[in-house]
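>
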Amino acid sequence: MNSKLMKKALGILALGTLGLMATAAHAEWDGAQANRDRGGNGQGYGGHAYQQSQMFSEQINARQDRQMERIQAGRHEGNLRRAEFRELMHEQREIRAMERYFSADGVIDAREFRRLDHALDVASRNIKAERRDDQQARNAYDHRRFN
Numbered sequence: 018m019n020s021k022l023m024k025k026a027l028g029i030l031a032l033g034t035l036g037l038m039a040t041a042a043h044a045e046w047d048g049a050q051a052n053r054d055r056g057g058n059g060q061g062y063g064g065h066a067y068q069q070s071q072m073f074s075e076q077i078n079a080r081q082d083r084q085m086e087r088i089q090a091g092r093h094e095g096n097l098r099r100a101e102f103r104e105l106m107h108e109q110r111e112i113r114a115m116e117r118y119f120s121a122d123g124v125i126d127a128r129e130f131r132r133l134d135h136a137l138d139v140a141s142r143n144i145k146a147e148r149r150d151d152q153q154a155r156n157a158y159d160h161r162r163f164n
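In terms of our numbering, the sequence shown opens at residue 18 and continues consecutively.
(1) When the Cα of Ala8 is compared with those of Arg132, Arg149, Ile29 and Gln69, which residue comes out closest?
(2) With a 10 Å radius around its C-beta and 16 neighbouring C-beta atoms as the bar for buried, classify Tyr118 as buried or exposed.
(3) Have a look at Gly59 and Glu116 and give me their C-alpha separation to the nearest angstrom.
(4) Can you grab the Cα-Cα spacing for the pair Leu97 / Gln84, in whole Å?
(5) Using 10 angstroms around the beta-carbon of Ala9, count the other beta-carbons present and answer buried if the total reaches 16, otherwise exposed.
(6) Nearest to Asp126 by CA position, among His93, Gln71 and Arg99, is which residue?
(7) Along the chain, where does the alpha helix (DSSP H) containing Arg113 start, and where does it finish?
(8) Whose C-beta lies closer than 6 Å to the C-beta of Gln81 among residues of the same chain, with five residues either side of it excluded?
(9) Which two residues bound the contiguous alpha helix (DSSP H) that contains Ile77?
(10) What is the rounded straight-line gap between the Cα of Glu111 and the Cα of His135?
(11) Please list, in chain order, all residues of the same chain as Ser120 whose beta carbon is under 7 Å from its beta carbon, the five residues on each side excluded.
(12) So, for Phe102: in the same chain, excluding its five sequence neighbours on each side, which residues have a beta-carbon less than 6 Å away from its beta-carbon?
(13) For Thr34, I'd like the list of residues in its chain whose CB is within less than 7 Å of its CB, leaving aside the five on either flank, ordered along the chain.
(14) Using DSSP with H/G/I as helix, E/B as strand and the rest coil, what is Val139?
(15) Using the C-alpha atoms, what's the distance from Glu104 back to Leu133?
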């Protein structure tokens with residue numbers, strides 16, 4: 018009787034040990050797979066998503082740099098008044114803040130990129146309009162003055 022109980026206890030113990038080893042092996046494999054999928058960013062995102070996020074960030078930064086150059090040029094050429102310059106710069110700061118917020122988790126996804134892209138489209142139209150409105154107002158004034 019005693020040996021039967023002992024065999025049963027050892028059998029349960031062996032099964033329990035095998036179960037724990039299998040669970041540990043599975044967890045280790047999942048961890049290794051997650052490390053491969055991270056693409057080096059440590060956030061658990063796939064490598065492709067991380068690369069795409071980098072590409073999105075580069076495109077956004079390049080567009081914003083060009084817009085900043087246009088704003089600076091408009092100010093130096095006299096096409097932007099001080100208030101217009103400040104308003105356009107404020108808009109650029111808001112876009113930068115939006116970009117920082119979106120990239121806080123380590124990636125900028127496609128939806129976030131579309132929102133940033135749209136904000137940059139609006140900013141570009143505003144820069145164009147502000148640089149031209151002063152010019153148009155001066156041309157209209159000059160035209161009336163010479164008539």
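For glycine and all other residues, C-beta sits at the position ideal for the given N, C-alpha and C.
Per the coordinate set shown:
(1) Any property of residue 8 remains undetermined from this structure, which presents the chain solely from 18 to 164.
(2) It is exposed - the Cβ of Tyr118 has fewer than 16 other Cβ atoms within 10 Å.
(3) In this prediction, Gly59 has a pLDDT of 46, which is less than 50 and means its spatial position is unreliable; what the coordinates show is noted afterwards. For Gly59 and Glu116, the distance between alpha carbons rounds to 20 Å.
(4) Rounded to whole angstroms, Leu97 to Gln84 spans 14 Å at the Cα level.
(5) The question about residue 9 has no answer, for the chain in this structure spans 18 to 164.
(6) Considering only alpha carbons, the answer is Gln71.
(7) Looking at the DSSP string, the run of the alpha helix (DSSP H) that includes Arg113 is Arg99 to Phe119.
(8) Contacts found: none.
(9) First-last of the alpha helix (DSSP H) with Ile77: Gly64 to Glu94.
(10) Near 13 Å, if we compare the C-alpha coordinates of His135 and Glu111.
(11) Taken in chain order, the residues that qualify are Ser74.
(12) Counting only Cβ-Cβ distances below 6 Å, and skipping sequence neighbours, we find Arg92.
(13) No residues qualify anywhere along the chain.
(14) In this structure, Val139 counts as helix in the three-state DSSP scheme.
(15) If you take the alpha carbons of Leu133 and Glu104, they lie about 18 Å apart.
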